[in-house]
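Undergrad:
Chains as they are written, first to last, in this note's numbering: chain A, 6 to 298; chain B, 154 to 484; chain C, 84 to 398.
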């Protein structure tokens with residue numbers, strides 16, 4: 006992956022505005038963005054009109070496994086809980102995992118990549134070697150092992166799904182740094198006495214912003230998917246917390262006669278990931294118009 | 154009167170893009186006699202390449218559309234032929250060389266095969282081994298060792314790659330060769346070699362040539378006639394003598410003036426002011442008027458007429474309606 | 084070809100530090116994890132002495148670094164990755180017993196993916212913006228956004244529960260492999276179609292494609308002989324990392340379909356805290372994946388003459 010775009014310093018405002026303009030033109034990306042916003046709003050607003058105790062957690066055997074109806078929009082699960090409300094609450098969890106995981110891993114990964122690229126030599130070798138090892142293990146596998154080893158707390162899951170995404174950020178940041186390092190204005194900055202840290206901060210980081218942003222958006226999708234996979238395998242956040250993957254797993258036993266227990270959680274996951282993919286692709290096109298057409 | 158190998162009349166080609174319609178060719182007229190060579194001169198974007206691609210119907214459609222006009226190659230009407238018939242012509246009667254030798258050759262196929270392929274395409278009965286033999290001969294003809302027939306494009310230098318391209322183009326001995334800036338991407342010394350090779354091959358095979366270039370030096374080297382193109386039309390046409398020694402059109406004069414003068418090293422360069430005509434626009438008057446030192450108000454209002462000076466030499470310019478009008482001359 | 088052999092050897096040698104690194108990482112993660120395997124084996128009712136006895140048997144009371152050293156020693160000298168805590172079977176044996184099933188699954192989904200994605204991708208590129216292009220892009224996007232276990236479950240719902248055509252699990256019949264292969268294969272296909280399309284789009288715009296047309300070759304030959312050969316190169320590169328991800332996905336798929344492969348073995352071992360199995364599994368899988376990547380690089384070199392020259396000259 007090459008960062009072909011000309012380095013820009015200090016022109017951030019117009020560039021962001023330009024990117025936004027291009028993004029707006031992309032219908033798919035706008036659909037994705039709107040969906041994400043809706044999901045976020047729903048997730049944040051859920052506690053306001055849903056009472057967690059009664060509607061999400063409380064079991065109500067009498068009403069178990071009902072199909073979709075006016076009273077229960079998406080029906081009820083095997084313990085009588087309203088699926089619709091559980092899905093809304095589940096959005097909070099998935100988004101939380103996605104956002105926090107990406108934030109932590111993005112910053113860590115970019116920092117490590119920048120250090121590797123900037124200082125080169127042994128530091129570079131060691132860092133890249135470590136991440137080569139990480140890359141050799143498939144991401145889902147790594148997540149499974151980490152959670153299986155360290156337990157299913159929220160924080161563990163966030164780290165477990167996030168760690169496999171680190172190598173990508175490291176790579177992007179390192180490649181950006183390597184390209185920029187060669188440029189003459191870095192020498193110029195050094196000549197006027199800028200410290201390494203200042204150079205990294207002012208010149209190098211703004212330029213990896215674009216591909217990192219795209220990667221982050223797409224990774225949130227992967228992370229949410231992996232978290233759901235973990236929950237599906239029974240390695241997710243323990244009941245009764247509503248997590249989409251876990252809901253799917255629970256519904257599996259009732260597949261034949263009550264498919265709605267499986268349909269709706271899966272749809273929720275799919276729409277979220279779809280929206281993120283649309284947005285991520287749109288961002289990628291908007292940030293580097295040369296790739297289009 | 155000897156036959157014409159190609160005759161283009163009143164050709165209009167547009168590219169319909171998201172950002173507007175680009176009028177690449179606006180009423181192009183062009184003709185060439187068999188065995189002769191024509192230089193198509195003009196700046197980038199003047200419509201030269203589009204004209205050339207039209208002759209072989211290689212314009213990508215979409216977004217390119219041939220709006221009107223006629224193209225005859227050796228008496229055959231190109232625009233009304235079926236795609237199958239056109240394919241039979243390509244490579245066999247008309248060949249084209251593109252500008253950048255670095256990208257015109259397929260990196261994944263041996264050069265021998267790329268030459269042999271065009272031979273077999275137009276002679277279905279030829280066997281693979283025979284076509285490879287003939288490919289070897291072609292390599293020799295363009296001055297490359299035959300044992301390189303199994304090499305790939307990346308193993309050759311720029312000049313040699315261009316020779317391979319020439320070998321491919323001439324393999325079936327076409328009657329017309331269109332060369333689109335074949336030396337622009339090469340070093341000057343290699344440039345001279347390639348031109349020499351082309352001249353020899355022309356003499357040997359009798360191929361007619363359309364040489365597209367913006368370099369007047371090349372035109373002087375290899376062309377018999379010259380068509381100067383601006384804004385998608387021919388603004389001046391004549392023999393080498395006519396155009397070089399008896400320049401009539403202000404644009405042509407400007408082209409010559411913008412070349413550094415080797416005899417007068419201290420003279421200032423005189424570039425033509427202004428920018429190329431925006432091809433999405435369609436002005437009512439002469440397309441060159443905004444940049445022309447001799448323009449009058451009439452020039453901006455109506456299209457210039459065709460004014461003939463001799464059998465071979467004509468211009469499109471309003472000013473020559475005045476009997477005494479003369480250019481100020483070159484430095 | 085001598086340069087090729089050198090390159091392969093070089094890559095195999097590089098394999099070693101990666102394997103050491105991976106096994107080190109996994110060993111420590113798994114062993115530092117909370118939860119005492121001896122206790123799990125002994126059961127809830129066991130006494131302290133029972134637990135201690137099991138610990139001694141399994142060597143769990145030794146220092147962790149000592150254990151790692153012994154582990155590596157056994158692995159490198161004897162190819163022995165230890166024995167399962169539960170079954171007295173050597174890890175290596177257990178792994179390769181189940182390996183063929185996973186291999187069959189992998190081969191199936193790769194075939195599905197490639198056979199479908201290549202023509203679709205080429206068509207989408209050649210007829211850019213047409214119905215086929217838009218439709219396949221849309222379907223691909225949906226397929227990629229679906230969690231793979233959901234797709235599997237939906238397929239089971241349709242073909243097994245509702246239609247009754249295909250079994251929902253196990254490996255009893257020759258057609259048992261269809262649903263699991265489709266589950267992974269469809270998603271891999273979606274990604275590969277996109278890749279094929281964009282690679283072809285890039286290549287079609289190149290000058291040499293026009294040169295081919297100018298020779299009078301038919302459009303079919305231009306696309307298939309001249310364009311595709313060059314488009315395949317980046318596709319093959321990406322296919323490698325795609326494959327690795329799909330292997331990860333196969334773990335989940337094997338679980339859903341109770342497919343008797345290596346992935347299911349892993350999940351079972353994890354829940355039983357069968358440490359040697361887990362460590363051995365990941366180690367072997369890493370080796371296999373790395374060899375596969377090497378294989379892909381070799382194919383890549385065979386297809387792209389520029390890379391081939393680099394090896395021939397012994398770089």
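By construction, the Cβ of each residue, glycine as well, lies at the ideal position given by its N, Cα and C atoms.
Show which residues of chain B have a CB atom less than 9 Å away from the CB atom of residue 280 of chain C.
TA: Those within 9 Å of residue 280 of chain C in chain B number zero; the least Cβ separation is about 18 Å.
Undergrad: Just to confirm, is the Cβ distance from residue 264 of chain C to residue 292 of chain C under 7 Å?
TA: The answer is no: Cβ separation not under 7 Å.
Undergrad: Name the chain A residues whose beta carbon is nearer than 8 Å to that of residue 363 of chain C?
TA: What residue 363 of chain C touches in chain A: nothing, since even the nearest Cβ is about 13 Å away.
Undergrad: Once you ignore the five residues that flank residue 459 of chain B on each side, which residues in its own chain have a CB closer than 8 Å to its CB?
TA: Same-chain partners within the cutoff: 467, 468, 469.
Undergrad: How is residue 212 of chain A classed by DSSP in three states: helix, strand or coil?
TA: Helix.
Undergrad: Does DSSP classify residue 11 of chain A as helix, strand or coil?
TA: Here the model assigns residue 11 of chain A a pLDDT of 48, short of 50, so the residue's position is not dependable, and the following value carries that caveat. Residue 11 of chain A falls in the coil class under three-state DSSP.
Undergrad: Can you give me the start and stop residues for the alpha helix (DSSP H) that residue 428 of chain B sits inside?
TA: From DSSP, residue 428 of chain B is part of no alpha helix (DSSP H); its letter is neither H nor E.
Undergrad: What are the residues that DSSP puts in a beta bridge with residue 225 of chain B?
TA: Paired residues: B/160, B/230.
Undergrad: Between the stretch 169–189 of chain C and the stretch 335–347 of chain C, are three or more C-beta pairs nearer than 8 Å?
TA: Counting Cβ pairs under 8 Å, three or more are found: they touch.
Undergrad: Of all Cβ atoms in chain A, is any one closer than 7 Å to the Cβ of residue 230 of chain C?
TA: Yes, its Cβ sits closer than 7 Å to a Cβ of chain A.
Undergrad: Helix or strand or just coil, what does DSSP make of residue 296 of chain A?
TA: Bear in mind that the predicted position of residue 296 of chain A carries a pLDDT of just 45, short of 50, making it unreliable; the figure below should be weighed with that in mind. In this structure, residue 296 of chain A counts as helix in the three-state DSSP scheme.
Undergrad: Under 8 Å Cβ to Cβ from residue 233 of chain B, same chain only, skipping five residues before and after it: list those, please.
TA: None.
Undergrad: Report all residues from its chain with a CB closer than 8 Å to the CB of residue 399 of chain C; omit the five preceding and five following residues, and keep chain order.
TA: Any answer about residue 399 of chain C is impossible in this case: the structure gives chain C only from 84 up to 398.
Undergrad: What do you get for residue 248 of chain B, buried or exposed, if any count of 16 or more other CB atoms within 10 angstroms of its CB means buried?
TA: It counts as buried.
Undergrad: Listed from N- to C-terminal order along the chain, which residues in the stretch 255–282 of chain B have their beta-carbon within a distance smaller than 9 Å of any beta-carbon of chain C?
TA: Here the close residues are 255, 256, 257, 258, 259, 260, 261, 262, 263, 267, 270, 271, 274, 275.
Undergrad: Provide the residue(s) that pair with residue 243 of chain B in DSSP beta bridges, ordered along the chain.
TA: Residue 243 of chain B is bridged to B/247.
Undergrad: Roughly how far, in whole angstroms, is the beta-carbon of residue 170 of chain A from the beta-carbon of residue 228 of chain A, given that I think they are within contact range, below 8 Å?
TA: Correct: roughly 7 Å between the Cβ atoms.
Undergrad: Do residue 235 of chain A and residue 128 of chain A come within 7 Å of each other at the CB atom, strictly closer than that value?
TA: In this structure, residue 235 of chain A does not lie closer than 7 Å to residue 128 of chain A by Cβ.
Undergrad: My assumption, with CB atoms under 8 Å, is that residue 403 of chain B sits in contact with residue 441 of chain B. Please give the rounded CB distance.
TA: The Cβ separation is near 7 Å, so the contact holds.
Undergrad: Is it true that the CB of residue 182 of chain A sits closer than 7 Å to the CB of residue 122 of chain A?
TA: In this structure, residue 182 of chain A lies closer than 7 Å to residue 122 of chain A by Cβ.
Undergrad: From the beta carbon of residue 15 of chain A, is the nearest beta carbon of chain C less than 7 Å away?
TA: Because the pLDDT of residue 15 of chain A is 49, which lies under 50, any placement of that residue in the model is unreliable, and the number read from its coordinates should be weighed accordingly. Answer no: the Cβ-Cβ gap between residue 15 of chain A and chain C never drops below 7 Å.
Undergrad: Of the residues C/135, C/99, C/352, C/270, which one's Cα is nearest the Cα of residue 238 of chain A?
TA: Closest by alpha carbon: C/352.
Undergrad: If you reduce the DSSP assignment to three classes, tell me which class residue 175 of chain B lands in.
TA: Note: residue 175 of chain B maps to strand in three-state DSSP.
Undergrad: Enumerate in chain order the residues of its own chain whose CB-to-CB distance from residue 323 of chain C is below 7 Å, with the five nearest sequence positions on each side excluded.
TA: 376, 379.
Undergrad: For residue 389 of chain B, list the residues DSSP reports as bridge partners.
TA: In DSSP, residue 389 of chain B forms a bridge with B/381, B/468.
Undergrad: Roughly how many angstroms lie between the CA atoms of residue 296 of chain B and residue 36 of chain A, to the nearest whole one?
TA: Roughly 60 Å between the two C-alpha positions.
Undergrad: If we call anything under 7 Å between Cβ atoms a contact, is residue 112 of chain A one with residue 292 of chain A?
TA: Cβ atoms of residue 112 of chain A and residue 292 of chain A: not closer than 7 Å.
Undergrad: Can you check whether the CB of residue 320 of chain B is closer than 7 Å to the CB of residue 314 of chain B?
TA: It is not a contact, given that the beta carbons lie outside the stated cut-off.
Undergrad: Would residue 114 of chain A and residue 175 of chain A qualify as a contact pair, given that the criterion is a beta-carbon distance under 7 Å?
TA: Yes.
Undergrad: Starting from residue 354 of chain C, trace the beta strand (DSSP E) in both directions and tell me its first and last residue.
TA: Residue 354 of chain C -> not in any beta strand (DSSP E); alpha helix (DSSP H) instead, spanning 345–355.
Undergrad: Could you compute how far the alpha carbon of residue 357 of chain B sits from the alpha carbon of residue 261 of chain B?
TA: Those two C-alpha atoms are separated by around 31 Å.
Undergrad: Does any residue of chain B have a CB that is nearer than 7 Å to the CB of residue 317 of chain C?
TA: Judged by the 7 Å Cβ criterion, residue 317 of chain C is not in contact with chain B.
Undergrad: Output the boundary residues of the beta strand (DSSP E) element that contains residue 364 of chain B.
TA: Residue 364 of chain B -> beta strand (DSSP E) spans 361–366.
Undergrad: For residue 35 of chain A, decide whether its Cβ has a neighbour in chain C, counting only Cβ atoms nearer than 7 Å.
TA: Closer than 7 Å: no.
Undergrad: Determine whether the beta carbon atoms of residue 406 of chain B and residue 480 of chain B lie at a separation below 7 Å.
TA: Going by C-beta atoms, residue 406 of chain B is nearer than 7 Å to residue 480 of chain B.
Undergrad: CB-CB under 7 Å to residue 28 of chain A, same chain, minus the five flanking residues each way: which ones, in chain order?
TA: Result list for residue 28 of chain A: 34, 287, 288, 291, in chain order.
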